[in-house]
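Asks: Sharing a structure, written as structure tokens. Questions coming.
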Amino acid sequence: MKFILKTALKTLILSIILVIPVGLIVTYLSLNQRGIPVGNLGVRNIFLYAQNYSLLIFFVSYLMSSLLVTSLIDKLEVKSVIALHIPALMVGAVLAGGIYFTRYRHYPLPLGVNTIKLDHKTFLRDGVFNEVSDKAIMLKNSGENNFTLYLYDKTSNDLSITGNLSAEKNGNDLVFIDEPNRVVYFTYKKNQVTDSLKIPFNEFTVNNKLFDNPLIYRYMGQIRNVINLIKKYMYALSQTEKYIFSGVLYLSVLMILIPLSYALNDRGWGFAGLIGIIVLLVVTPFFYGAIIKLFGKVRFNLSFLRQYSYLSLPLVLCLFGVLLDILVKITGKRTKQNA
Numbered sequence: 441m442k443f444i445l446k447t448a449l450k451t452l453i454l455s456i457i458l459v460i461p462v463g464l465i466v467t468y469l470s471l472n473q474r475g476i477p478v479g480n481l482g483v484r485n486i487f488l489y490a491q492n493y494s495l496l497i498f499f500v501s502y503l504m505s506s507l508l509v510t511s512l513i514d515k516l517e518v519k520s521v522i523a524l525h526i527p528a529l530m531v532g533a534v535l536a537g538g539i540y541f542t543r544y545r546h547y548p549l550p551l552g553v554n555t556i557k558l559d560h561k562t563f564l565r566d567g568v569f570n571e572v573s574d575k576a577i578m579l580k581n582s583g584e585n586n587f588t589l590y591l592y593d594k595t596s597n598d599l600s601i602t603g604n605l606s607a608e609k610n611g612n613d614l615v616f617i618d619e620p621n622r623v624v625y626f627t628y629k630k631n632q633v634t635d636s637l638k639i640p641f642n643e644f645t646v647n648n649k650l651f652d653n654p655l656i657y658r659y660m661g662q663i664r665n666v667i668n669l670i671k672k673y674m675y676a677l678s679q680t681e682k683y684i685f686s687g688v689l690y691l692s693v694l695m696i697l698i699p700l701s702y703a704l705n706d707r708g709w710g711f712a713g714l715i716g717i718i719v720l721l722v723v724t725p726f727f728y729g730a731i732i733k734l735f736g737k738v739r740f741n742l743s744f745l746r747q748y749s750y751l752s753l754p755l756v757l758c759l760f761g762v763l764l765d766i767l768v769k770i771t772g773k774r775t776k777q778n779a
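Going from the sequence shown to this note's numbering is simple: count from 1 and add 440.
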């Protein structure tokens, strides 16, 4: 019990420490992907933007801390590989409960509700002039779901004002319309600007990419593909079922990666384990992408689960993690016997 509590405390402390670097990386990658000049946003706006990804940041930090603690642990203190899951589950319960009671219970709407995105290259904050190329843009909230757009051209010193804009969701797109119901903007779609703004979208494009390595973009693209596959898989589920499905799927990631990271532990300084964690994090999105596609094709369901049959995919992955636990335990015993 002492070992479990000590490991859980290490995991929790490391999770809190990793929130800042993970938050900076996630936020920068998101802004960088959209070509947004990070230096123009300011520290306060970057912090507000990061709040949109708070759930992702917390759970990535939690995953990383669980794997790091497992990778660096002294194997002589471990009596059972399965016991390594208990500290991770304890910390996960604490974090999940904290997020629920501090965010979703009191703030059912996203914290970044005032964050507006135009096209896939442009980022606007409400009430703040945003510098993009040779333009400055401000979106001012003039009432409930009503905005005024100010576009300042620094080269010609002209200021264009488009009023009475309202934002509506249309599938995955955010549509800005004016009073006569004329479309002004479609997000994530190019060349949809009316004459009222007199500016093509290529004017908004900012070349602000630090990572030009195609391998990194391939990896980030695979993560987006997995997220889209998960959303497609959960399409017919209710909101509560989506939360349960996501939680069990995340649990399956821990169930699979913890025994693998433990197996890569070298009993010393953990260098082999740390390198192994990097390899695991690189391979995991491709593994989950292939598994989700396979389940989508074969339409596999555990019928005995009845109304919970939608959990077939994550539960099978959790079972795979249990099998890895058993395999690691067997190979560990054989190693001790040979020694």
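A virtual CB, placed ideally from N, CA and C, is assigned to each residue, including glycine. Here the structure is a predicted model, which means the values were calculated and not measured.
Is it right to say ALA676 is buried, meaning 16 or more other beta carbons lie within 10 angstroms of its own, or is it exposed?
Replies: With fewer than 16 other Cβ atoms within 10 Å, it is exposed.
Asks: Please classify THR451 as buried or exposed, where buried requires at least 16 other C-beta atoms within 10 Å of its C-beta.
Replies: So THR451 ends up on the buried side.
Asks: Tell me whether THR680 sits in a helix, a strand or coil according to DSSP, three-state version.
Replies: Of the three classes helix, strand and coil, the one that applies to THR680 here is helix, per DSSP.
Asks: Taking VAL459 as the reference, which of MET578, VAL500 and ILE486 has the closest Cα?
Replies: Answer by Cα proximity: VAL500.
Asks: For TYR590, does the three-state DSSP call read helix, strand or coil?
Replies: The answer is strand: DSSP assigns TYR590 an E or B state.
Asks: Determine whether the beta carbon atoms of PRO725 and VAL666 lie at a separation below 7 angstroms.
Replies: In this structure, VAL666 lies closer than 7 angstroms to PRO725 by Cβ.
Asks: For the alpha helix (DSSP H) that THR510 lies in, which residues bound it at each end?
Replies: Start and end: 494-512.
Asks: With 16 as the cutoff for other CB atoms within 10 Å, does ALA533 come out buried or exposed?
Replies: By the 10 Å Cβ count, ALA533 comes out exposed.
Asks: Give me the Cα-Cα distance between ILE456 and PHE735, rounded to the nearest whole angstrom.
Replies: Going from the Cα of ILE456 to the Cα of PHE735 covers about 35 angstroms.
Asks: With a threshold of 7 angstroms on Cβ separation, who are the neighbours of LEU767 within its own chain once the five nearest residues in sequence on each side are excluded?
Replies: Nothing meets the Cβ criterion.
Asks: According to DSSP, is LEU691 helix, strand or coil?
Replies: The answer is helix: DSSP assigns LEU691 an H, G or I state.
Asks: Pop quiz: LEU720 and SER692 are said to be a contact at Cβ under 8 angstroms. What is the actual Cβ separation, rounded to whole angstroms?
Replies: Wrong, their Cβ atoms sit about 14 angstroms apart, outside the cutoff.
Asks: Quick one: Cα of HIS546 to Cα of GLN679, how far?
Replies: At HIS546 the pLDDT is 44, less than 50, meaning the model places this residue with poor confidence; the figure from the coordinates comes in the next sentence. Their backbone Cα atoms lie some 17 angstroms apart in a straight line.
Asks: Could you tell me the distance, in whole angstroms, from the CA atom of TYR748 to the CA atom of TYR592?
Replies: Taking the straight line joining both Cα atoms gives about 54 angstroms.
Asks: Could you compute how far the alpha carbon of VAL509 sits from the alpha carbon of MET578?
Replies: Straight-line Cα distance between these residues: approximately 46 angstroms.
Asks: Classify ILE696 as buried or exposed, calling it buried when 16 or more other Cβ atoms lie within 10 Å of its own Cβ.
Replies: Classification for ILE696: buried.
Asks: Need the endpoints of the alpha helix (DSSP H) that ARG664 sits in, please.
Replies: Here the alpha helix (DSSP H) through ARG664 covers 654-673.
Asks: Reducing DSSP to helix, strand and coil, say where GLY761 ends up.
Replies: Correct three-state label for GLY761: helix.
Asks: I believe ILE497 touches VAL466 by the beta-carbon criterion, under 8 angstroms. Please report the beta-carbon distance rounded to the nearest angstrom.
Replies: Their Cβ separation, rounded to whole angstroms, is 5 angstroms, which keeps ILE497 and VAL466 in contact under 8 angstroms.
Asks: When the distance is taken between beta carbons, is LEU471 closer than 7 angstroms to ILE717?
Replies: In this structure, LEU471 does not lie closer than 7 angstroms to ILE717 by Cβ.
Asks: Buried or exposed, going by whether 16 or more other CB atoms sit within 10 Å of the CB of SER511?
Replies: By the neighbour-count rule (16 or more Cβ atoms within 10 Å), SER511 is buried.
Asks: With DSSP collapsed to three states, give me the class of SER600.
Replies: SER600 falls in the strand class under three-state DSSP.
Asks: Using CA coordinates, which residue listed in MET441, TYR690, LEU714 and ALA528 is at the minimum distance from VAL756?
Replies: Here the closest residue by C-alpha is TYR690.
Asks: Quick check: what's the CA-CA separation for VAL483 versus TYR489?
Replies: About 10 angstroms.
Asks: Hey, how far is the Cα of MET770 from the Cα of ILE698?
Replies: Sequence check: residue 770 is Ile here, not Met. Each residue's alpha carbon lies about 16 angstroms from the other.
Asks: For SER596, count neighbouring Cβ atoms within 10 angstroms of its own Cβ and tell me buried if that reaches 16, exposed if not.
Replies: The residue in question, SER596, is exposed, as its Cβ has fewer than 16 Cβ neighbours within 10 Å.
Asks: Taking Cβ positions, are ALA576 and PRO527 nearer each other than 7 angstroms?
Replies: Not a contact, by the Cβ cut-off of 7 angstroms.
Asks: Quick one: is ILE601 buried, meaning 16 or more other Cβ sit within 10 Å of its Cβ, or exposed?
Replies: Classification for ILE601: exposed.
Asks: Have a look at ILE715, ASN668, LYS672 and LEU704 and flag the residue whose alpha-carbon is nearest the alpha-carbon of TYR750.
Replies: If we check each option's Cα against that of TYR750, LYS672 comes out closest.
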